[in-house]
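All residue numbers for the sequence shown refer to my numbering, where the first residue is 7 and numbers rise by one. Just below is one structure, and these are the notes that go with it.
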Amino acid sequence: MISASKIFLIGAGYIGGEILDLLLAEKYQVTALVRREAHAAELQALGASTVLGSLDDGDLLAQQASQSHIVIHSATADHQQRAEPGQKAIYIHTSGASELSDDAKGAFKSDKIAIVLPPAIYGVGSRGNRLSIQFPTMARWVKKHGFAGHVGKGLSTWLLVHVADIAGGYLTILQWLEQSSSTDSITANPYFFGAAEIGKALHAAGKLSLQNQGQSRRSCMVGKLGWQPKEKSTQRSLSEDEIPIILKEETFSGYAAPVAFGAN
Numbered sequence: 007m008i009s010a011s012k013i014f015l016i017g018a019g020y021i022g023g024e025i026l027d028l029l030l031a032e033k034y035q036v037t038a039l040v041r042r043e044a045h046a047a048e049l050q051a052l053g054a055s056t057v058l059g060s061l062d063d064g065d066l067l068a069q070q071a072s073q074s075h076i077v078i079h080s081a082t083a084d085h086q087q088r089a090e091p092g093q094k095a096i097y098i099h100t101s102g103a104s105e106l107s108d109d110a111k112g113a114f115k116s117d118k119i120a121i122v123l124p125p126a127i128y129g130v131g132s133r134g135n136r137l138s139i140q141f142p143t144m145a146r147w148v149k150k151h152g153f154a155g156h157v158g159k160g161l162s163t164w165l166l167v168h169v170a171d172i173a174g175g176y177l178t179i180l181q182w183l184e185q186s187s188s189t190d191s192i193t194a195n196p197y198f199f200g201a202a203e204i205g206k207a208l209h210a211a212g213k214l215s216l217q218n219q220g221q222s223r224r225s226c227m228v229g230k231l232g233w234q235p236k237e238k239s240t241q242r243s244l245s246e247d248e249i250p251i252i253l254k255e256e257t258f259s260g261y262a263a264p265v266a267f268g269a270n
């Protein structure tokens, strides 16, 4: 696909960096919000434009959004600032399952909005050995204390998706939104969960006694658009990629805040 669409990418860290690579490969014109000049230089070398700023720079966000056809927000989902495009645009936002409990009043309207609610994310980012939070945190705890524990009988399940697969999901949703009408039934219910096919595969393999009754049942929306997970399983990713990185760590001083905006 050759695209002339201008995209403003808010957050080019763990998830956003993977999304950026896919967008550039598809010839989108991407401007990324970054906080450090060194990170800006890295992304510019890849072919992206950059602006220096943070999620607190409301005027900057609004200006960049108004100049873009598409806004993808892959930074922290808890920040309250909003950028309102001044033209017809596509807005893709990253959040979590708690998004469904927000007391939204429908005060803000855009032509096309998609909200991506991924489950726990695993895998190593393509640049800088970026890791997710949940599994590395548990691995560091086990490394520190010398044993792996669990609550109760350890029968609980967790929905998971590889960072490269969730980035592919963003691209699938974006390219579908570019072709869809604002009255499409999926556009009218713009929540895309990212683990349906993984949940189905684990259930079929006998690893899950029941398919999850919340996220997994709804997540097939992105599957309907043609998305399929392709990356390593959780176990392979942990043993081959993440654990070796964690074992080499001499110290760990905690996560930068906000975590979802990336260490850069």
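Quick reminder that beta carbons are idealized off the backbone N, C-alpha and C, glycines included.
- Message: Quick check on the burial criterion: 16 or more other C-beta atoms within 10 angstroms. Buried or exposed for Trp182?
- Response: Within the sequence shown, the letter at position 176 stands for residue 182. With 16 or more other Cβ atoms within 10 Å, it is buried.
- Would you mind listing the alpha helix (DSSP H) stretches within the region 108-173 that are 4+ residues and don't spill past its ends, in chain order? 140-151, all fully within the region 108-173.
- Message: So the candidates are Leu29, Gly53 and Leu58; which of them puts its Cα closest to the Cα of Val77?
- Response: On the sequence shown, position 71 is the one that residue 77 refers to. Among Leu29, Gly53 and Leu58, the Cα nearest to that of Val77 belongs to Leu29.
- Task: Please look up how many angstroms separate the CB atoms of Ala54 and Ala68, rounded, as I've assumed it's under 8 Å.
- Result: Translated into the one-based positions of the sequence shown, residue 54 becomes position 48. Translated into the one-based positions of the sequence shown, residue 68 becomes position 62. Between the beta-carbon of Ala54 and that of Ala68 there is about 20 Å, and that puts the pair past the 8 Å contact cut.
- Three-way DSSP call (helix, strand, coil) for Ser72 in this model: To locate residue 72, count along the sequence shown from 1; it is residue 66. Helix at Ser72.
- Query: If you compare alpha carbons, which of Thr143, Tyr128 and Lys159 is closest to Leu165?
  - Reply: By 1-based counting over the sequence shown, the position of residue 165 is 159. For the set Thr143, Tyr128 and Lys159, the Cα lying nearest the Cα of Leu165 is the one of Tyr128.
- Closest by C-alpha distance to Ala31, when choosing among His168, Gln70, Leu52 and Arg146: Position 25 of the sequence shown, counted from the start, is the residue given in the question as residue 31. Ranking the options by Cα distance to Ala31, first place goes to Leu52.
- Message: Between Ile21, His79, Ile96 and Ser243, which has its C-alpha nearest Val169's C-alpha?
- Response: Taking the sequence shown and counting its residues from 1, one reaches residue 169 at position 163. The option with the nearest alpha carbon to Val169 is Ile21.
- Query: Would you report the Cα separation of Thr240 and Gly229, rounded to the nearest angstrom?
  - Reply: Taking the first residue of the sequence shown as position 1, residue 240 is located at position 234. Taking the first residue of the sequence shown as position 1, residue 229 is located at position 223. Thr240 and Gly229: Cα-Cα distance of roughly 20 Å.
- Item | alpha helix (DSSP H) runs wholly inside the region 22-67, at least 4 long, in chain order | Within the region 22-67, the complete alpha helix (DSSP H) runs of at least 4 residues fall at 43-52.
- Message: Pop quiz: Ile96 and His75 are said to be a contact at Cβ under 8 Å. What is the actual Cβ separation, rounded to whole angstroms?
- Response: For the purposes of this step, residue 96 is taken as the residue at position 90 of the sequence shown. For the purposes of this step, residue 75 is taken as the residue at position 69 of the sequence shown. Between His75 and Ile96 the Cβ distance is about 7 Å, and since that is below 8 Å, they are a contact.
- Message: Please report the straight-line C-alpha distance between Gly19 and Ala81, rounded to a whole angstrom.
- Response: Working through the sequence shown from its first residue, we reach residue 19 at position 13. Working through the sequence shown from its first residue, we reach residue 81 at position 75. Each residue's alpha carbon lies about 8 Å from the other.
- Item | The beta strand (DSSP E) enclosing Lys12, as first and last residue numbers | Here the question's residue 12 lines up with position 6 in the sequence shown. Where Lys12 is concerned, the enclosing beta strand (DSSP E) starts and stops at Lys12 to Ile16.
- Item | Cα-Cα separation, Phe141 to Gly175 | Along the sequence shown, one-based indexing puts residue 141 at 135. Along the sequence shown, one-based indexing puts residue 175 at 169. Phe141 and Gly175 have their C-alpha atoms some 21 Å from each other.
- Query: Any heavy atom of the ligand NAP closer than 6 Å to the Cβ of Lys33?
  - Reply: As presented, the structure is devoid of all ligands, the ligand NAP included, so that no description of it is given.
- Quick one: what's got a C-beta closer than 7 Å to Ile249's C-beta in the same chain, skipping five residues either side? Within the sequence shown, residue 249 is the residue found at index 243, counting from 1. Answer for Ile249: Ala145, listed in chain order.
- Item | Selection from Val157, Ser245 and Val57 that minimises the alpha carbon distance to Arg41 | Against the sequence shown, residue 41 aligns to sequence position 35. Checking every option, the nearest Cα to that of Arg41 belongs to Val57.
- Message: Cutting at 6 Å between CB atoms, please list the residues of its own chain near Glu90, excluding the five before and the five after it.
- Response: Residue 90 sits at position 84 when you count from the first residue of the sequence shown. Confidence is the limiting factor: at Glu90 the pLDDT is only 47, short of 50, which leaves the residue's position unreliable, though a coordinate-based value still follows. Cβ-Cβ distances below 6 Å link Glu90 to nothing in the same chain once the five nearest sequence neighbours on each side are left out.
- Cα-Cα separation, Gly160 to Ala154: Start at 1 with the first residue of the sequence shown, and residue 160 comes out as number 154. Start at 1 with the first residue of the sequence shown, and residue 154 comes out as number 148. Linking Gly160 to Ala154 through their CA atoms gives a straight-line distance of about 11 Å.
- Item | Per DSSP, the bridge partner or partners of Val77 | One-based indexing of the sequence shown puts residue 77 at position 71. According to DSSP, which records beta bridges pairwise, Val77 is partnered with Phe14 and Tyr97.
- May I have the straight-line CA-CA distance separating Lys150 from Arg242, to the nearest angstrom? Against the sequence shown, residue 150 aligns to sequence position 144. Against the sequence shown, residue 242 aligns to sequence position 236. Roughly 22 Å separates the two Cα atoms.
- Measuring CB to CB, does Ile179 end up less than 7 Å from Ala126? Numbered from its first residue, the sequence shown carries residue 179 at position 173. Numbered from its first residue, the sequence shown carries residue 126 at position 120. No. Outside cutoff.
- State the DSSP-derived secondary structure class of Leu177, mapped to helix, strand or coil. To locate residue 177, count along the sequence shown from 1; it is residue 171. When secondary structure is reduced to three states using DSSP, Leu177 falls in the helix class.
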